[in-house]
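Everything below concerns the one structure shown next.
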Amino acid sequence: NTERRRVALSFDDGPDPRWTPRVLRVLAAHRARATFFLTGARAIANPAIVRAQIAQRHEIGNHGYTHPNMRRLSPDGLRRQVEGGATAIVRSGAPQPRLFRAPYGSFNEQVGAAAARSGAVMVNWDRPLDPLIREHGPGRAAHIAMRHMTPGSIVLAHDGTLHPRQTLRTVARLLRGLHRRGYEVVPVGELLGLNQHLPVFARDFGLPLNVGA
1095 NTERRRVALS
1105 FDDGPDPRWT
1115 PRVLRVLAAH
1125 RARATFFLTG
1135 ARAIANPAIV
1145 RAQIAQRHEI
1155 GNHGYTHPNM
1165 RRLSPDGLRR
1175 QVEGGATAIV
1185 RSGAPQPRLF
1195 RAPYGSFNEQ
1205 VGAAAARSGA
1215 VMVNWDRPLD
1225 PLIREHGPGR
1235 AAHIAMRHMT
1245 PGSIVLAHDG
1255 TLHPRQTLRT
1265 VARLLRGLHR
1275 RGYEVVPVGE
1285 LLGLNQHLPV
1295 FARDFGLPLN
1305 VGA
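Everything in the sequence shown is counted per this note's numbering, starting at 1095 for the first residue and increasing by one.
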């Protein structure tokens, strides 16, 4: 239902011991919930941060065990990345991930099938913040992102690996702007249950969700 003014905010590549706690504080200050797509290796190394994410009712997704281009992997390597990432995330204290995002947004039919076998829906994004931050800086980046925001958008940011300090400032400004415009910021999984026309990649891989590709 695109009439509901809801968008999702997502962060990739964490958890980062320096920056993810700061992201959590920004989200808490704005009463926003997000989805964090974790790599299994970082989740295992930072279980206290994963527990904090869960305690604050954020959603945890799978971003692979490390961060390879999934399209370049052998079938066995792909399976190890997807299943190993999910297993490590669960071991770090999170529930079994329902969502999978391929590193770099690089996927094909085999990647989608591997995500499906792990019980996850593969999700991409339509509003990346990093190019805007790199080109315009935090203030202008937030303004441009807001101008192009529509109900059902999925915002991509990174909690530590790209422009971390500028990302914090951009996200804070973006959240203020979204709230002023009457948007509710929810985790990706919650958005998926409401919106049947999202930039997600499920139908072509036979995944258990009836959404547009």
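Glycine included, each C-beta is placed from N, C-alpha and C at the ideal position.
Residue range of the unbroken alpha helix (DSSP H) whose run includes residue i
i, result
"Thr1264", "Pro1258 to Arg1274"
"Gly1314", "Nothing about residue 1314 can be reported from this structure: the residues present for the chain run from 1095 to 1307 only."
"Gly1283", "Val1282 to Leu1286"
Bounding residues of the beta strand (DSSP E) (the contiguous stretch that carries residue i)
i, result
"Ala1251", "Ile1248 to His1252"
CB of residue i within 9 angstroms of CB of residue j, strictly
i, j, result
"Arg1127", "Arg1151", "yes"
"Leu1262", "Val1120", "yes"
"Gly1068", "Leu1132", "Any question about residue 1068 goes unanswered here, given that the chain covers just 1095 to 1307."
"His1237", "Arg1267", "yes"
"Ala1210", "Arg1192", "no"
"His1124", "Leu1269", "yes"
"Gly1108", "Arg1136", "yes"
"Val1282", "Ile1248", "yes"
"Val1176", "Ser1212", "yes"
"Arg1234", "Trp1219", "no"
Buried/exposed call for residue i, threshold 16 Cβ in 10 Å
i, result
"Ser1200", "exposed"
"Asn1156", "buried"
"Gln1190", "exposed"
"Tyr1277", "buried"
"His1242", "exposed"
"Glu1203", "exposed"
"Tyr1198", "exposed"
"Thr1114", "buried"
"Arg1259", "exposed"
"Ala1188", "buried"
"Asn1140", "buried"
"Gly1246", "buried"
"Asp1106", "buried"
"Arg1297", "Summary for Arg1297: the model assigns pLDDT 36, below 50, so the residue's position carries little reliability; its value from the coordinates is reported in the next sentence. With fewer than 16 Cβ atoms within 10 Å of its Cβ, Arg1297 is classed as exposed."
"Ala1149", "exposed"
"Ala1182", "buried"
"Gly1287", "exposed"
"Val1294", "Unreliable positioning characterises Val1294 in this predicted model, as indicated by a pLDDT of 45, which lies under 50. The coordinate reading is nonetheless provided below. It counts as buried."
Nearest-angstrom Cβ-Cβ length linking residue i and residue j, presumed shorter than 8 angstroms
i, j, result
"Leu1223", "Ala1239", "6 angstroms"
"Ile1143", "Pro1111", "7 angstroms"
"Thr1255", "Ile1227", "That belief does not hold up - the Cβ atoms of Thr1255 and Ile1227 are roughly 13 angstroms apart, past 8 angstroms."
Any C-beta of chain B under 9 angstroms from that of residue i
i, result
"Val1279", "In the structure shown, chain B does not exist; there is a single protein chain."
* Tell me the start and end of each unbroken beta strand (DSSP E) in the stretch 1117-1178 that is at least 3 residues and wholly inside, in chain order. => 1129-1132 and 1153-1156
* Taking the runs of the alpha helix (DSSP H) that are 4 residues or longer, which of them lie wholly in the stretch 1203-1243? -> 1203-1211, 1224-1230 and 1232-1241
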